[in-house]
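Protein chains in written order, with the numbering used here: chain A, 23 to 379; chain B, 23 to 379.
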């Protein structure tokens, strides 16, 4: 089968190439992985990041594990690979959603073992990848109208082509809104400690010639106070049944600030981000990452070596602070449990209609 | 006359030595200045920073200018030095307050010129320096009761011994509260882009064995949401007649977050920070610093070289978001114009009583 290429992922049939996002924008370096352990390590080390991209990479990780097993490939034999990949990062729900789709494939009737199973898994992984690109486009089409005409839009972290199969979620909406002449420009928060805003978002936007201004995260309130921001749009790593949203650390602060200034606060994420089994965000496990990410920037020491650090990678924004959630199936204004459930039923009907055409 | 030494400043009578705060905590390096231009450059380049410390350094800068003039020293001859030092940083009002005190000395009856003037200026500069140390102690004594018993206190930027003549303003309150067994520990926001929290505050607190946890600035909301913060205390670069407070970028966001979570938000600053001639904070000039401070950490590139950056060094917190302002003369709860004016009258009476004893 042919190769499948996105800005951050390149599926070569027998290997997964990942753009090392830790080195951007200084260096463009690709790593090649031929087993699930390597892919899991790449997810853990953030060679690849962004909830949708993590899901896609994990799906290919399962294909690689099956290829290594060859004739012995079976759901049973793949269990360690599923476990390793599932343990790579705890917060992003797309990871588990993608692994579930791969598991469903392996359990499907008539799939069997060995080469047949490998081929089926390859097809499912490619379909997760391709679907994500298409979903981002549909999501962006729904999202454009949510951004205030002529506004400057504040975004956090990176939710662009590098974080997804292509186009992006929140950054996909921004891209489509810019293409439609709807918005004036973008303010990107640098997004400490990982600097996805400085390193990735500003880089992506500059490549697309979309006007971007980079700021430190703590400047967001000041810019809102001075009328320099008209809306905030972010992605999501997990959305619970009531609309509570886990996303990159700093998202919750932005939601509180947006509310204080009467600005729209929009979440853009595919339906695969929604975790209907979890009632609300209170019980979401928040990944606590190594303190070295705060004490250092690469080899540059920023703080005393021994200083204790709290480094939560995510926070939870309650649904009550969210103006709208946009998915590939439409917009949920002022989300709550009933509206979220109705949206998911609508999404399932759409998926069913598509499958039966 | 004898030397006068603080953690960040060392007056040697014929030269001012400044600890290069840009290199902390990795290196402890002192620079020696013998003229006003050098001191002004050091303030601009943030070798020395923190509103009170800037004021003290500028005062010594005037003494150095006078020493260079020698027999020719006069108020008239000192005008270029006053202008250069006043232009070094626009937002901190202590700078102008200290220069005004030096100018008053030069204009005083019987001061004359040459050696007499130099001696008088030296005395005034030392007195600004020593008074600051004493004021910080008094301020801290008043501030301790504002911190919730057993609480963990969030602070921003560096307002400690390095930012002042000694002890510190907001960090001085924290120090005294810890010594009194009142608080449980401190959370220091790293304070991008200059990282005063990582580099200076965590370093100072560790030296004093006060428990400190370092976090990225954007984690503040999350920590408040999880009940891990019981109060926020910050310093100030300028406080207007109504209590509006200009301070390090990010302060305003913290004030909004504290209000949202029902937490006390306390400003600690000497009365010299108050600018009664300015009605409110709307017209305060906000220093816009070079974008390179956001694009890089020292030699480490973090963002595309050409990305546009907004880098406001300060923001303005409206008095309505401030629970209390504490100075060396007491506490102003829920500050407004009337209470601020009453506090300044009280401060003037105290100063007069002290002078006439």
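Note that beta-carbon positions come from the ideal geometry of N, C-alpha and C, so glycine has one too.
Evaluate residue i with the Cβ neighbour count: other Cβ atoms within 10 Å of its Cβ, from every protein chain shown; 16 or more gives buried, anything less gives exposed.
i                      : result
residue 142 of chain B : buried
residue 168 of chain A : buried
residue 379 of chain B : Any answer about residue 379 of chain B is weak, because its pLDDT of 45 lies below 50 and its placement is not dependable; what the coordinates show is given next. The residue is exposed, with fewer than 16 neighbouring Cβ atoms inside 10 Å.
residue 218 of chain A : buried
residue 161 of chain A : buried
residue 165 of chain A : buried
residue 325 of chain A : buried
residue 171 of chain B : exposed
residue 120 of chain A : buried
residue 130 of chain B : exposed
residue 259 of chain B : buried
residue 365 of chain B : buried
residue 220 of chain A : buried
residue 6 of chain A   : Residue 6 of chain A lies beyond the range of chain A shown here (23 to 379); nothing can be said about it.
residue 186 of chain A : buried
residue 132 of chain B : exposed
Taking Cβ positions, are residue i and residue j nearer each other than 8 Å?
i                      : j                      : result
residue 103 of chain A : residue 64 of chain A  : no
residue 236 of chain B : residue 319 of chain A : no
residue 339 of chain A : residue 274 of chain A : yes
residue 341 of chain A : residue 265 of chain A : yes
residue 295 of chain B : residue 271 of chain B : no
residue 174 of chain B : residue 214 of chain B : no
residue 238 of chain A : residue 287 of chain A : no
residue 293 of chain B : residue 202 of chain B : no
residue 234 of chain B : residue 329 of chain A : yes
residue 97 of chain A  : residue 62 of chain A  : no
residue 29 of chain A  : residue 225 of chain A : no
residue 38 of chain B  : residue 86 of chain B  : yes
residue 40 of chain A  : residue 33 of chain A  : no
residue 113 of chain B : residue 306 of chain B : yes
residue 356 of chain A : residue 303 of chain A : no
residue 346 of chain A : residue 354 of chain A : yes
Have a look at the DSSP bridge pairing and note the partners of residue i.
i                      : result
residue 227 of chain B : Beta-bridge pairing links residue 227 of chain B to no other residue.
residue 269 of chain B : B:337
residue 33 of chain B  : B:26, B:38
residue 210 of chain A : A:177, A:236
residue 322 of chain A : A:319
residue 297 of chain A : A:262
residue 349 of chain A : A:352
residue 310 of chain B : B:334
residue 55 of chain A  : A:38
Whose C-alpha, out of the options, is nearest the C-alpha of residue i?
i                      : options                    : result
residue 244 of chain A : B:323, B:234, B:333, B:193 : B:333
residue 83 of chain A  : A:335, A:100, A:260        : A:100
residue 43 of chain A  : A:183, A:294, A:232        : A:183
residue 159 of chain A : A:190, A:170, A:91, A:181  : A:190
residue 89 of chain A  : A:193, A:176, A:24, A:140  : A:140
residue 280 of chain B : B:250, B:35, B:268         : B:250
residue 301 of chain A : A:263, A:347, A:230, A:122 : A:263
residue 91 of chain A  : A:357, A:307, A:350, A:135 : A:135
residue 230 of chain B : B:197, B:352, B:212, B:210 : B:197
residue 95 of chain A  : A:137, A:192, A:144, A:76  : A:137
residue 374 of chain B : B:362, B:351, B:356        : B:351
residue 116 of chain A : A:291, A:353, A:323, A:327 : A:291
residue 179 of chain B : B:246, B:93, B:199, B:227  : B:227
Output, in chain order, the set of chain A residues within a Cβ distance shorter than 8 Å of residue i.
i                      : result
residue 316 of chain B : 212, 220, 236, 237, 238
residue 271 of chain B : 238, 240, 241, 244
residue 176 of chain B : Residues of chain A passing the Cβ test: none, with the nearest at roughly 11 Å.
residue 330 of chain B : 233, 234, 235, 236
residue 294 of chain B : Within chain A, no residue comes near residue 294 of chain B; the closest Cβ sits about 24 Å away, beyond 8 Å.
Output, in chain order, the set of chain B residues within a Cβ distance shorter than 9 Å of residue i.
i                     : result
residue 42 of chain A : Going along chain B, no residue has its Cβ under 9 Å from residue 42 of chain A, so there is no contact; the nearest lies around 16 Å.
Output, in chain order, the set of chain B residues within a Cβ distance shorter than 8 Å of residue i.
i                      : result
residue 278 of chain A : 243, 278, 279, 282
residue 337 of chain A : 241, 243, 244, 247
residue 345 of chain A : Residues of chain B passing the Cβ test: none, with the nearest at roughly 16 Å.
residue 228 of chain A : 326, 328, 329
Mind listing the chain A neighbours of residue i? Cutoff is C-beta to C-beta under 7 Å, in chain order.
i                      : result
residue 322 of chain B : 319, 320, 322
Give the interface partners of residue i over in chain A, defined as CB-CB distance under 9 Å, in chain order.
i                      : result
residue 184 of chain B : By Cβ distance, chain A contributes nothing, its closest Cβ being about 14 Å from residue 184 of chain B, past 9 Å.
Mind pulling the chain E residues with CB within less than 9 Å of residue i?
i                     : result
residue 68 of chain A : No chain E is part of this structure, whose protein chains are labelled A and B.
Show which residues of chain B have a CB atom less than 7 Å away from the CB atom of residue i.
i                      : result
residue 225 of chain A : 326
residue 334 of chain A : 241, 244
residue 48 of chain A  : 323
residue 215 of chain A : 238
residue 275 of chain A : 240, 242, 243, 275, 279
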